[in-house]
Structure formats: C-alpha cells, structure tokens
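These notes concern the structure reproduced below.
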Amino acid sequence: MTVDAADLMLLTAALHDRIAMTRFLQVRLTAFEPERIELAAPLAPTLNHRGTAFGPGVFTTAALAPWLLLVRWMWARRISARIILRHSEFRLHNPIECDFRATCHALPPIEVDALLDTGKTRLSASAQVH
Numbered sequence: 044m045t046v047d048a049a050d051l052m053l054l055t056a057a058l059h060d061r062i063a064m065t066r067f068l069q070v071r072l073t074a075f076e077p078e079r080i081e082l083a084a085p086l087a088p089t090l091n092h093r094g095t096a097f098g099p100g101v102f103t104t105a106a107l108a109p110w111l112l113l114v115r116w117m118w119a120r121r122i123s124a125r126i127i128l129r130h131s132e133f134r135l136h137n138p139i140e141c142d143f144r145a146t147c148h149a150l151p152p153i154e155v156d157a158l159l160d161t162g163k164t165r166l167s168a169s170a171q172v173h
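Letter 6 of the sequence shown, counting from 1, is numbered 49 in this note's numbering, and no numbers are missing.
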C-alpha cells in the first residue's frame, strides 16, 4: 500500500516530533511503502564551509531510511521492540552540492521467530544517497 502526499506530511511531522535532528535537517518522507522508504533533505541545513553537504547530516538521513523501513515492517506486524543501530559504515564518493535523497529498497529476510522469542535479531540493510 502506497501512502499519499497528505499521509507523508503527517508521517514527516511525527518523525520531526520524535527525532529532533530530522526537524533540524528538514528531512521529509517522500515514499513510505512496504518495500521502499525514501527521504528527501535540503542542502542548506547540512551546508559546510566548502558549500557542500556536511557528512554527519547526510549520514543521519541515510541511516534513517533502513531504520524507518524496519519500523514500518514491525508496525505492520504489530511487533513492539527497540531498534538499535549498532554498527554502520558510511561512504561518500563525491561531494553533495544540492538537495539529496536517501532510499532503502527492501529489507533482508528477518528471523521473525527469533525476534518474537528473544526480542532481538540482527540484520544488515543499506541506503543509497542520490
């Protein structure tokens, strides 16, 4: 089920209420689908002294995409658990000189039984910044 523009605005407002950094970075949801999350972010809040996006702002936006996809997956299944980003790798291959997007396409298979039994599971997910 695809979410319409009005719902995306409501979800963005909820995200800003719960994670203050997203408000500062002006991150907004542009897609919130079962197999795809896309976030858009303007360049201005992350601007550094070289006129490009400051890496930590880009990282925050990129890390949110798979995190939100997992939140959506868990919400759809009525599973309550804490999601912890334990390890991450981040690479920028070129400076970002304009507004950008971070997209996560699909999560890897999730061990639902282990998650329900122990409240824990591990997975690796990635996001692309474009």
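We treat Cβ as the ideally placed atom computed from N, Cα and C, and that holds for glycine.
| message | Alpha carbons only, please: which of Asp-50, Phe-102, Ile-127 and Gly-100 is nearest the one belonging to Leu-113? | response | Ile-127
| task | Look at Asp-142 and Pro-85 and say whether their C-beta atoms are less than 7 Å apart. | result | yes
| task | Can you tell me the Cβ-Cβ gap for Glu-81 and Ala-74, rounded? I've got them flagged as a contact below 8 Å. | result | 4 Å
| query | Terminal residues of the continuous alpha helix (DSSP H) containing Ala-105? | reply | 98 to 119
| said: With H, G and I counted as helix, E and B as strand and the rest as coil, what does DSSP make of Thr-146? | reply: strand
| said: Counting C-beta neighbours from all protein chains within 10 Å, is the total for Pro-152 16 or more, i.e. buried, or is it exposed? | reply: exposed
| query | Can you tell me whether DSSP reads Phe-67 as helix, strand or coil? | reply | helix
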